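Residues in the sequence shown are numbered from 379 upward in steps of one, following the working numbering.
All residues carry an ideal CB built from backbone N, CA and C; glycine is no exception.
Just so we're clear, the structure is a prediction, and the values are computed from it rather than from any experiment.
Written out below as structure tokens is the structure these notes cover.
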Amino acid sequence: MGTMLEGHEILGFGFFVIGLWHLFNNIKIHSSSNSFKSTIWFPTTRFRYLELNFIIASCTMFIAMELFIAPDLHQPFDSDGSIPANHLHNFEHSLMASSFLVYAAFTMFFDMKSIITKAQHELTHFLASMAFAQQFLLIHFHTRDHAGVEGQYHYLLQILIVVSLTTTIMGIGFPNSFMMSFVRSLSITFQGLWLMIMGFFLWTPGYQAKGCSLHPEMNTYMVRCSDDKALHRAVSLVNLQFSWLLILVTVFAMCFFLVLSKRYDNKVEYVSLTKEEQLDLESQSEKKCIMMQVQI
Numbered sequence: 379m380g381t382m383l384e385g386h387e388i389l390g391f392g393f394f395v396i397g398l399w400h401l402f403n404n405i406k407i408h409s410s411s412n413s414f415k416s417t418i419w420f421p422t423t424r425f426r427y428l429e430l431n432f433i434i435a436s437c438t439m440f441i442a443m444e445l446f447i448a449p450d451l452h453q454p455f456d457s458d459g460s461i462p463a464n465h466l467h468n469f470e471h472s473l474m475a476s477s478f479l480v481y482a483a484f485t486m487f488f489d490m491k492s493i494i495t496k497a498q499h500e501l502t503h504f505l506a507s508m509a510f511a512q513q514f515l516l517i518h519f520h521t522r523d524h525a526g527v528e529g530q531y532h533y534l535l536q537i538l539i540v541v542s543l544t545t546t547i548m549g550i551g552f553p554n555s556f557m558m559s560f561v562r563s564l565s566i567t568f569q570g571l572w573l574m575i576m577g578f579f580l581w582t583p584g585y586q587a588k589g590c591s592l593h594p595e596m597n598t599y600m601v602r603c604s605d606d607k608a609l610h611r612a613v614s615l616v617n618l619q620f621s622w623l624l625i626l627v628t629v630f631a632m633c634f635f636l637v638l639s640k641r642y643d644n645k646v647e648y649v650s651l652t653k654e655e656q657l658d659l660e661s662q663s664e665k666k667c668i669m670m671q672v673q674i
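So this is what it looks like as structure tokens:
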């Protein structure tokens, strides 16, 4: 029970930090520049790969917790080398994190190697899309009993993942759309908050809805309700939680946009560029020089 709570909190916190970081940078770039181009990650001035290293570290910690810390024997396999039924969900969770780890590792590699930056924008968006698609499929076909209260939490989570996946794919064809990047950043932030809320209300004793409680099943804990009336009430409360959070996130996003727009409106800011953006600028400069020479 404790590892389920901690796992969701770690994963949720990671999504929340990355989503908020993307939201900040997208609004800042949109407000301080006349042109906007979507990027899937944002380098920093002092530590260029801080965001990608944060993703790699968070995913590594999450995988270690799922496969080596959570199991009683500190390893996920049975005595004959097979995967026991009660550890299948640990592998599913670790595979989600592995997808984002692969995305972050290759994105960092692509940025370091100038030879492949011509397709860097498309490839990094593809890797992020693959990670979100993997996350959606593994949650949709989860081996845990996603019925009742737990099922409703995960059903609403799938909606957020679909939004993140769709806007990431759209980023390949519409790199200059601010709203697409804005919605993607907000959906990632929302994912993080929802995962942390799930971990708290599903696996913290005493915080389940009235008439529902945690019950041990197959070396794990599940939320079970006393009757259909209690179950219906609990599911309705989950929907209300999601609706309240949606309103709060929307209000926060609008206020955040207004504050940052006023702060960075038409102000020139020096930001770190990806290698692809650097090559674009160099290419544009070369074209201008050639045109000037032709005119002369």
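Where threonine 485 sits in the DSSP three-state scheme = Helix at threonine 485.
key: Near the ligand COA: aspartate 458 beta-carbon under 6 Å from a heavy atom   = Among the ligands in the structure shown, none appear at all, so the ligand COA cannot be discussed.
inquiry  = If contact is defined by three or more beta carbon pairs under 8 Å, each pair taking one atom from either stretch, is the stretch 623–642 in contact with the stretch 559–575?
reply    = yes
inquiry  = Looking at alanine 509: is its Cβ nearer than 7 Å to the Cβ of phenylalanine 478?
reply    = yes
Cut-off 7 Å between Cβ atoms - residues of its own chain near leucine 543, not counting five sequence neighbours on either side = Result list for leucine 543: Ser507, Phe510, Ala511, Phe514, in chain order.
request  = Would you kindly work out how many angstroms separate the C-alpha atoms of leucine 398 and glutamate 429, rounded to a whole number?
outcome  = Answer to the nearest angstrom: the Cα atoms are 12 Å apart.
key: histidine 408 and phenylalanine 402 closer than 7 Å at C-beta   = The answer is no: Cβ separation not under 7 Å.
ask   = If you pair each beta-carbon of the stretch 572–582 with each one of the stretch 413–427, do three or more pairs fall below 8 Å?
value = no
ask   = Which one of Leu501, Glu595, Leu573, Val601 has the shortest CA to CA distance from alanine 463?
value = Glu595
message = Taking 8 Å as the limit between beta carbons, can you name the residues of its chain near leucine 623, skipping five residues before and five after?
response = Only Phe568, Leu571, Trp572, Ile575 meet the Cβ criterion.
request  = Can you give me the start and stop residues for the alpha helix (DSSP H) that methionine 675 sits inside?
outcome  = In the structure displayed, the chain extends from 379 to 674; residue 675 sits before or after that span and is not available.
key: Cβ separation of proline 516 and valine 480, assumed to be a contact under 8 Å, to the nearest whole Å   = Reading the sequence as shown, one finds leucine at residue 516 and not proline. Contact doesn't hold; Cβ gap of about 14 Å is too wide.
task = Taking only runs that begin and end inside the stretch 567–645, name each unbroken alpha helix (DSSP H) of 4 or more residues, in chain order.
result = 606–642
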